[in-house]
Structure formats: C-alpha cells, structure tokens
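Data block below; observations after.
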Amino acid sequence: SMFIKNIDYWDKVIKESPIVYKKSLDKEEKYLIKNINKNSKVLEVGCGTGRSLKQILHLTKNITAIDHEKEVILESKKYFKKYPKIRVLLADAKKLPFKNNSFDNVICMTTFSNFGDYKIKILNEIKRVLIKNGIIIISMYADNAFKERMKIYNQLKIPIRKIKGTTVYFDEKLGDNISEQF
Numbered sequence: 023s024m025f026i027k028n029i030d031y032w033d034k035v036i037k038e039s040p041i042v043y044k045k046s047l048d049k050e051e052k053y054l055i056k057n058i059n060k061n062s063k064v065l066e067v068g069c070g071t072g073r074s075l076k077q078i079l080h081l082t083k084n085i086t087a088i089d090h091e092k093e094v095i096l097e098s099k100k101y102f103k104k105y106p107k108i109r110v111l112l113a114d115a116k117k118l119p120f121k122n123n124s125f126d127n128v129i130c131m132t133t134f135s136n137f138g139d140y141k142i143k144i145l146n147e148i149k150r151v152l153i154k155n156g157i158i159i160i161s162m163y164a165d166n167a168f169k170e171r172m173k174i175y176n177q178l179k180i181p182i183r184k185i186k187g188t189t190v191y192f193d194e195k196l197g198d199n200i201s202e203q204f
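The sequence shown runs contiguously to residue 204 in our numbering.
Rendered as structure tokens:
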C-alpha cells in the first residue's frame, strides 16, 4: 500500500481548508500579485503542485520551480507542460543548481516552515541566486497559528511523533516531517 506523503495532506488542507487557511492563502495570492513584476524571472523554492505559480501565471511565464519530492514534481511538470518557458526541477534547496544572480524574485510559500535546522543555509542559497535588489517573498505560519494548525492536523489525522513548543514533528514516513512557526 502507498503510505500517504506530505503532498497528499497538503492537497487535503487546501481542499478542506478551514476559513483561517483560506484567508491566509488568499492574502498570499494578493501579496504575490502585488509584488511580482510583469515578466520577471521567478524561482519558487518548494513549489509543491504549483499552487502559487498558477496564481502568477498571468504576470510571468519566466518561472523556475523546484521541490525535492518526486511525486510533486511529476504532477507540476504535467500541469505546466503547456508552458514551455516554465521549468520544474527536482532539486535540493540547500544546494540550488543555479548561478549567482539568476532571479529577480525568489518565492517560498509556506514551505519555509518545514526547513528545520536548514533555514539559514537555504536563505543563504536563496540570496546567492537572487539579483542585487531582487525580492524574496516568504510566507509562513503566524506566531499565533498553533491552535489552528493542531486543529487541521487532527482533522486530517496526520501522524504526529512529538510536539516541542510550537514545533510539530510528524512521522518520518511523511518526508518533510517538521513544521514550525516563529
């Protein structure tokens, strides 16, 4: 049997998402649209199935997207096939396969919560591939999101290994198994 991966839960979160999540995803979309210029070169770190990218397609097709989960990449590739300028790659955020100063924007929507001890390393990589004066857009849980997060984890029966403060450690089978807010 196929055990459920992170991606499956995230799809459910979006489909069955409580009002709080819906609101924050809407805010994210508005923010992206306001801050990404027409035709700018965008990299998304942790693209998942491409939710955020679909929101900016009318602004730019000059997009590169990476994720480290094979299933997600395959799904994204399928969807974006009709846009030859969009590249979707399996890659590691800790060691981005791009030259310095390659992108006008780097976006990282909600994924940043899953980076655990690699946050600084990944931020340094993001800064490296960004042009001087480029814009990084990161979205993540607010510092008071814990109750809502727990509500949805329980609703979706996500297997939790332990909780330390507001950091939740899921079962390792999920792939990315850390989710935090700060």
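Think of the CB as a built atom: it goes at the ideal place given N, C-alpha and C, for glycine as much as any other residue.
Keep in mind the model is a prediction, meaning the values are calculated, not measured.
In three-state terms, what does DSSP make of residue i?
i, result
"E147", "helix"
"M172", "helix"
"L47", "helix"
"D139", "helix"
"N163", "The identity of residue 163 in the sequence shown is Tyr, whereas the question assumes Asn. Looking at Y163 - three-state DSSP - the assignment turns out to be coil, as it is neither helix nor strand."
"I200", "strand"
"N123", "coil"
Out of the options, which has the shortest C-alpha to C-alpha gap to residue i?
i, options, result
"L79", "K116, S62, S124", "S62"
"E91", "T133, L75, K104, V64", "T133"
"F120", "K186, L96, V94, E147", "E147"
"S201", "I158, D114, K149, K141", "K141"
"K52", "K169, E170, L75", "L75"
"I158", "K169, K149, K99", "K149"
"A164", "M131, R183, K195", "M131"
"G70", "E194, K169, E97", "E97"
With a threshold of 16 other CB atoms inside 10 Å of the CB of residue i, please say whether the residue is buried or exposed.
i, result
"M24", "Because the pLDDT of M24 is 45, which lies under 50, any placement of that residue in the model is unreliable, and the question is left without a value."
"L152", "buried"
"N59", "exposed"
"G72", "buried"
"F204", "exposed"
"E66", "buried"
"N122", "exposed"
"I180", "buried"
"N136", "buried"
"D126", "buried"
"A87", "buried"
"D193", "exposed"
"R171", "buried"
Determine the direct distance from the alpha carbon of residue j to that of residue i, and round the result to whole angstroms.
i, j, result
"K83", "S46", "24 Å"
"T188", "N57", "30 Å"
"V110", "V128", "14 Å"
"L81", "N176", "37 Å"
"K117", "I144", "8 Å"
"V227", "K154", "Residue 227 is absent from the model: the chain starts at 23 and stops at 204."
"I85", "I108", "5 Å"
In chain order, which continuous runs of the beta strand (DSSP E) of length 3 or greater are located wholly inside the segment 87 to 117? Fully enclosed beta strand (DSSP E) runs of no fewer than 3 residues occupy 109 to 112 of the segment 87 to 117, in order along the chain.
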